[in-house]
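Under numbering that gives the first Met the number 0, residues 0 to 164 are what the sequence shown spells out, in order.
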Amino acid sequence: MKYEFCPICGRKLKKVICGDEGVVPFCSHDTCYYFNTPYPCIMVAVIKDDEVLLLKQSYIYKNSKLLISGYIGIDEKAEDTVYREVLEETSIEIEDINFLGTDFIEGREILMLTYSAKYKTGKIKISKEVEEARWFKIPEALEELGENEIGKRVLEKAIEKELTL
Numbered sequence: 000m001k002y003e004f005c006p007i008c009g010r011k012l013k014k015v016i017c018g019d020e021g022v023v024p025f026c027s028h029d030t031c032y033y034f035n036t037p038y039p040c041i042m043v044a045v046i047k048d049d050e051v052l053l054l055k056q057s058y059i060y061k062n063s064k065l066l067i068s069g070y071i072g073i074d075e076k077a078e079d080t081v082y083r084e085v086l087e088e089t090s091i092e093i094e095d096i097n098f099l100g101t102d103f104i105e106g107r108e109i110l111m112l113t114y115s116a117k118y119k120t121g122k123i124k125i126s127k128e129v130e131e132a133r134w135f136k137i138p139e140a141l142e143e144l145g146e147n148e149i150g151k152r153v154l155e156k157a158i159e160k161e162l163t164l
């Protein structure tokens with residue numbers, strides 16, 4: 000989130016030097032700094048044996064599939080978001096959630112926390128924001144991710160992690 004106006008008084012913020020942080024938005028009326036922050040999201044590769052669950056959501060990628068992702072709620076831990084998003088979008092349950100790393104989406108100010116998880120139970124039933132969800136063999140999944148570069152990296156890390164367990 001990039002601050003331009005004070006969330007307390009509504010005045011336009013000034014840019015001032017704040018120690019080691021450099022130039023930071025500041026409200027001289029409320030004497031408060033507002034540090035620009037990214038929007039935290041999760042992305043998860045759900046693995047079942049030699050398959051991965053991919054979604055089709057044309058409003059995100061017209062010609063590519065994607066891994067399950069979503070915004071972290073204000074009152075949630077990232078791992079809780081992983082579980083919730085998988086359940087909301089596909090009605091399946093997962094286990095063994097593992098942190099893989101982070102990525103940043105330029106221009107959208109999104110900090111993506113990436114995970115892998117194992118399928119536990121349930122039959123796929125998609126939510127209204129998902130057009131399709133199904134299991135793909137891993138080599139095919141990498142192709143289906145198409146232009147989704149972050150998704151490809153997450154799946155590759157998930158595969159690597161599985162091989163080292």
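Don't be surprised by glycine CBs; every beta carbon is placed ideally from N, CA and C.
- Residue burial annotation: C17 is exposed, with fewer than 16 other C-beta atoms found within 10 angstroms of its C-beta.
- When only Cα atoms are considered, Y32 and K122 end up about 48 Å apart.
- A116 is a Cβ neighbour of E94, given a cutoff of 8 Å.
- Y118 places its beta carbon 8 Å or farther from that of V15.
- Counting along the chain, the unbroken alpha helix (DSSP H) around Y82 starts and ends at 77-89.
- Secondary structure note for L110: its beta strand (DSSP E) is the uninterrupted segment 109-120.
- Here C26 is buried. Its C-beta has 16 or more other C-beta atoms within 10 Å.
- In the three-state scheme derived from DSSP, where H, G and I count as helix and E and B as strand, I46 is classed as strand.
- Each residue's CA atom was taken as its position, placing S57 and K13 some 40 Å apart.
- R133 is bridged by DSSP to L53.
- A residue is called buried when at least 16 other Cβ atoms come within 10 angstroms of its Cβ; N147 meets this threshold and is buried.
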